[in-house]
Each structure stands twice: as structure tokens, then as C-alpha cells.
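Worksheet: the structure to be examined is printed underneath.
In full-length UniProt numbering, the protein residues as written are 1 to 281.
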């Protein structure tokens, strides 16, 4: 439940950030610019509808698969979610410092040419992207894998969205105490740990299917300290990739993940980039 809350919270804030920039620019403009507000909300609704449709397709598709096919499909979705998380962090590292300016320049061009379809598409694609990422992340965490969604999972989604609105409001109010800089720095670290947790989960499934060898079954046993089958341990395992009984394959996968992330972050590092000088909203 905590993993679902975090994913919905983080992704909802990112969607609110984009919508907030679009709405503020259009609402504070002249009468002509405010005409684009209706197109903005149509775009938001269309994007959310696309994301919900993807979620329904995933849940429905799972229900008709055989047990083995479900395992392979879920493994593929976990790897996809892991890849999307890394890609998201890299993208924000590269484009975060010009994020708001790029959106406003695009809006200005669409306003100049009265291209309100462009505003619609910008909002729809932004919401569809964030919503689709959320759907994939949630599915990889177990949301709807059994072919249906229980009330606890829906409650977690509601809590995550509520926390997102509260956090977004606080970020708008207190620029010195709780800043966008802090938000993105902290959550990108949590996201990467969630990514390695998903990667380890996919490795576990591949080991169970005997697609990859375990090497040494148990390098160490820390279940006496924190059992990953307990409630707290399972949360830690999902969020960090922790394993109480660690196999050699899991250790190598863990090292491989962080090595790849380090290389990618090093290659995309911009020496002039700084969250402190960022212009998010």
C-alpha cells in the first residue's frame, strides 16, 4: 500500500506541475489567452481517459492469461517500469532547469497562431504520459495483477492523490522551507531505489522460472534482523531491493543496476545545471 501511495503521490505532483504551468500562463494572459483554458481542461480529461483505458486493458489482459503467461507478462512490466523510472530521472536531470520556460515558449507560440488544438494536445500528451507511467508503475507493484482491484488499493490511490494536492499547495506557498529543488532531489533518490526494487523483483521471477541461475543460493541470511516476508520487510524490499536471503544473482543484479545508473547520470551531467537555479513553476 505504501508503494502505491508513493507512486501516485510523486506522479500526481509532476502532472499537477505541468497543468499548473499551463493554467497559470493562460489564466494570467489576455482575453485571447484565457480562451485556451477550455482546451486545456479538455486535454487534461482526454489524457486521464487514455491512462485509465490503459489500466483497464492491463487488468483485463491479465485476467485472460494463463499462470505462466501472467508471470512472464508481469516480469516484462516490472522491467519496463524500472526502465521508465531511470529514464524519468535522467530526463528531469537534463531538462528540469528549463522545464517551465520550454512549456511557456510552446504556449506563447500556440497563442500567437491561435492554435488551441496545440494547447489541447500539449495537455493531453502530458497527462497521458504521466498517467500511463503511473499505471505501469502500479501494475508492476501488484495493482490489478489478479484481474481486479480491491478497495485497499483504491484507498491507497486516493491517499496518494490527496497528499499530492497538499504537497503541491505547500510547494507553491513556501518556497524557502519546502522547495521544488528539495522535492525533486529527494524523490528521484526514492524513485531509483524503487527502480532497483522492481529490477530485483524481476530477477526473482526469472530465477523462479529457471531462466537465469542463482549462482550461490544464499550469500547471507539477515532474516533475524529484518525478514523480507514481514510487513515492514516487504515494504523495504520493494522500495530498496533488500533481500534477507540474498542469492549471488540478486547481488550481481543490484550492482549492475547501480553501475548502469551511475554511468548514465555521469554521461548526462550538465555542469551548468542546478536545482537551486531551476525554474519549475
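Glycine included, C-beta positions come from ideal geometry on N, C-alpha and C.
Roughly how many angstroms separate the alpha carbons of residue i and residue j, rounded to a whole number?
i: residue 135; j: residue 210; result: 28 Å
i: residue 26; j: residue 20; result: 10 Å
i: residue 207; j: residue 220; result: 18 Å
i: residue 272; j: residue 125; result: Note that residue 272 scores 40 on pLDDT, short of 50, meaning its location in the model is unreliable and no value can be drawn from it.
i: residue 156; j: residue 12; result: 13 Å
i: residue 87; j: residue 264; result: 9 Å
i: residue 46; j: residue 18; result: 15 Å
i: residue 225; j: residue 58; result: 37 Å
i: residue 200; j: residue 256; result: 11 Å
i: residue 277; j: residue 232; result: Only weak support exists for where residue 277 lies, its pLDDT of 41 falling under 50; the coordinates are left without a value.
i: residue 281; j: residue 251; result: Low local confidence applies: a pLDDT of 45 at residue 281 is under 50, so the model's placement there is unreliable, and no value is given.
i: residue 56; j: residue 161; result: 19 Å
i: residue 38; j: residue 266; result: 42 Å
i: residue 69; j: residue 158; result: 31 Å
i: residue 274; j: residue 186; result: Caution is warranted here: a pLDDT of 41 is assigned to residue 274, below 50, making its placement in the model unreliable, and the coordinate value is therefore given only provisionally. Going from the Cα of residue 274 to the Cα of residue 186 covers about 15 Å.
i: residue 54; j: residue 60; result: 10 Å
i: residue 260; j: residue 230; result: 30 Å
Can you give the beta carbon distance from residue i to residue j, rounded, assuming they're within the 8 Å contact cut?
i: residue 240; j: residue 193; result: 5 Å
i: residue 4; j: residue 181; result: Going by Cβ atoms, the distance from residue 4 to residue 181 rounds to 26 Å, so no, they are not a contact pair.
i: residue 245; j: residue 268; result: Not really, about 35 Å apart at Cβ, beyond 8 Å.
i: residue 247; j: residue 212; result: With a Cβ gap of about 10 Å, residue 247 and residue 212 do not count as contacting.
Do residue j and residue i count as a contact pair if the criterion is CB distance below 7 Å?
i: residue 347; j: residue 215; result: In the structure as shown, the chain begins at 1 and stops at 281. Residue 347 is therefore absent and cannot be evaluated.
i: residue 43; j: residue 123; result: yes
i: residue 142; j: residue 48; result: no
i: residue 133; j: residue 84; result: yes
i: residue 227; j: residue 237; result: no
Could you check if residue i is buried or exposed, using at least 16 other CB atoms within 10 Å of its CB as the buried criterion?
i: residue 74; result: buried
i: residue 10; result: buried
i: residue 78; result: buried
i: residue 8; result: buried
i: residue 204; result: buried
i: residue 62; result: buried
i: residue 120; result: buried
i: residue 150; result: exposed
i: residue 190; result: exposed
i: residue 22; result: buried
i: residue 138; result: buried
i: residue 262; result: exposed
i: residue 171; result: buried
i: residue 202; result: buried
i: residue 253; result: buried
i: residue 36; result: buried
i: residue 51; result: buried
Leaving out five residues on either side along the sequence, give the residues of the same chain with a beta carbon under 7 Å from the beta carbon of residue i.
i: residue 92; result: 184 and 188
i: residue 76; result: none
i: residue 89; result: 188, 191 and 192
i: residue 234; result: 228
i: residue 65; result: 73
Among the residues of its own chain, which have a CB less than 6 Å from the CB of residue i, if the five just before and after it don't count?
i: residue 140; result: 77, 78, 81 and 198
i: residue 168; result: 13 and 16
i: residue 94; result: 268
i: residue 2; result: 235
Kindly list the residues whose CB is nearer than 8 Å to the CB of residue i, restricted to its own chain and excluding five residues on each side of it in sequence; keep chain order.
i: residue 40; result: 19, 22, 23, 26, 119, 120 and 123
Any heavy atom of the ligand GDP within a distance shorter than 6 Å of the CB on residue i?
i: residue 93; result: Among the components modelled here there is no ligand, and therefore nothing to report on the ligand GDP.
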